[in-house]
Amino acid sequence: MASISGNERPDLRDLLAFYAAAGVDDALVDDPIDRFAESAQRQAAPAQQPLQAGEREAPRLGADRPAPPPPRPAAIAAVPDEAQAAAARELASKAASLDELKQIMADFDGCNLKATAKSMVFADGNPEADLMLVGEAPGRDEDLEGLPFVGRSGQLLDLILAAIGLDRKSAYIANVIPWRPPGNRTPTPHETEICRPFVERQIALAKPKVLVTLGGPSAKLLVGSQEGILRLRGSWKSHVTADGTVIPVMPTLHPAYLLRNPAHKKLAWRDFLEVKAKLRELGSH
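Per the working numbering, the sequence shown runs over residues 1165 to 1449.
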């Protein structure tokens, strides 16, 4: 804005432009307004009388604006508790096949993780295979595709299987938890307990000759041990199904852990050599 001499009066437009440039966007009166008094007057005002015949209601500020839409209802998430775990046990026991179990799980609303997951990750591979691998829970890639172990961890798992002469057509892969926890957080004990009957029934229906647990959580759940995975891995354990079938279990390191700790791949390699020998011993084809 150009400078103004002492005898020169500024044009009104120039003055408004100056105020706008300075950030002034509202007009103020000379005397302050007592908003507290206004509030008290509104509270003390008598209730509005009903309109008489032919009388129109005075216009109100914003009355011509459409009412905002009602808020969308939030997804209903079940609170994990023993009742939900009991319901899961009852439902899982009724499944006579893997297809029935998958449908039961898809219809089950007793686990809060289902409310935030994009898809249910049931299984991948060959359900008639002699080898079954069980991880903990789906990650982001698995949640998007609806299949277990499809990201970088899955690529490493494929290489490990290939090293002992297997692939996804000769192995069956599942997780303890079928729904991705938000933010890939660790599932709570209640969430794990609710999902336990489903994975146990899945194992019983698949009837593998050998189980491999990938990571500490699945090992602890399926062999009933509280030891860390570095102590559990490398030695054979057992999983007993509801009908009394005893399945040999090899706890080993999760592929995601191996990606973070590549020096420990040699430990996993030893574990899978044991798995290969066990399959041969049991007459796996």
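All C-beta atoms in this analysis are idealised placements derived from N, C-alpha and C, irrespective of residue type, glycine included.
**Report entry** First through last residue of the beta strand (DSSP E) which encompasses A1256
**Finding:** Secondary structure note for A1256: it is in no beta strand (DSSP E), and the uninterrupted alpha helix (DSSP H) holding it is 1246-1257.
Query raised in the report: First and last residue of the alpha helix (DSSP H) that includes P1361?
Result: Unbroken alpha helix (DSSP H) run through P1361: 1353-1370.
**Report entry** Alpha-carbon spacing of G1315 relative to E1306, whole angstroms
**Finding:** G1315 and E1306 have their C-alpha atoms roughly 7 Å apart.
Query raised in the report: Taking C-beta to C-beta, are M1269 and P1372 nearer than 7 Å?
Result: No; because the gap between Cβ atoms is not below 7 Å, this pair is not in contact.
Query raised in the report: Are Q1248 and I1358 closer than 7 Å when you measure CB to CB?
Result: In contact: Q1248 and I1358 (Cβ atoms closer than 7 Å).
Query raised in the report: Between N1276 and L1321, what straight-line distance do the alpha-carbon atoms span, to the nearest angstrom?
Result: Going by the C-alpha atoms only, they are around 29 Å apart.
Report task. Specify, as a first and last residue, the run of the alpha helix (DSSP H) that P1381 falls within. Result -> It spans 1380-1387 - the alpha helix (DSSP H) in which P1381 sits, taken as one unbroken run.
Query - Residue range of the unbroken beta strand (DSSP E) whose run includes L1277 - result: Neither: L1277 is in no beta strand (DSSP E) and is coded neither H nor E.
Query raised in the report: Quick one, are the C-beta atoms of G1289 and Y1336 less than 7 Å apart?
Result: Against a cut-off of 7 Å, the Cβ pair of Y1336 and G1289 comes out as a contact.
Query raised in the report: For the putative contact between I1328 and F1436, defined by C-beta atoms under 8 Å, what is the C-beta separation to the nearest angstrom?
Result: 5 Å between Cβ atoms; contact.
Query raised in the report: In its own chain, which residues sit with a C-beta less than 6 Å from the C-beta of A1293, not counting the 5 before and 5 after it?
Result: S1334, A1335, Y1336.
Query raised in the report: How is S1317 classed by DSSP in three states: helix, strand or coil?
Result: The answer is helix: DSSP assigns S1317 an H, G or I state.
Report task. Examine the Cβ distances between the segment 1437-1449 and the segment 1364-1384 and report whether three or more of them are shorter than 8 Å. Result -> Output reads yes: the segment 1364-1384 touches the segment 1437-1449.
Requested in this report: May I ask which residues mark the beginning and end of the beta strand (DSSP E) holding A1338?
Outcome: Here the beta strand (DSSP E) through A1338 covers 1336-1339.
Requested in this report: Spell out the partners DSSP gives D1288 in its beta bridges.
Outcome: Bridge partners of D1288 according to DSSP: I1337.
Query - Continuous alpha helix (DSSP H) stretch holding K1373: start and end - result: For K1373, there is no enclosing alpha helix (DSSP H), as DSSP marks it with neither H nor E.
Query raised in the report: Starting from P1419 and walking both ways along the beta strand (DSSP E), at which residues does that stretch end?
Result: Taken as a continuous stretch (DSSP letters only), P1419 belongs to no beta strand (DSSP E), being part of the alpha helix (DSSP H) at 1419-1424.
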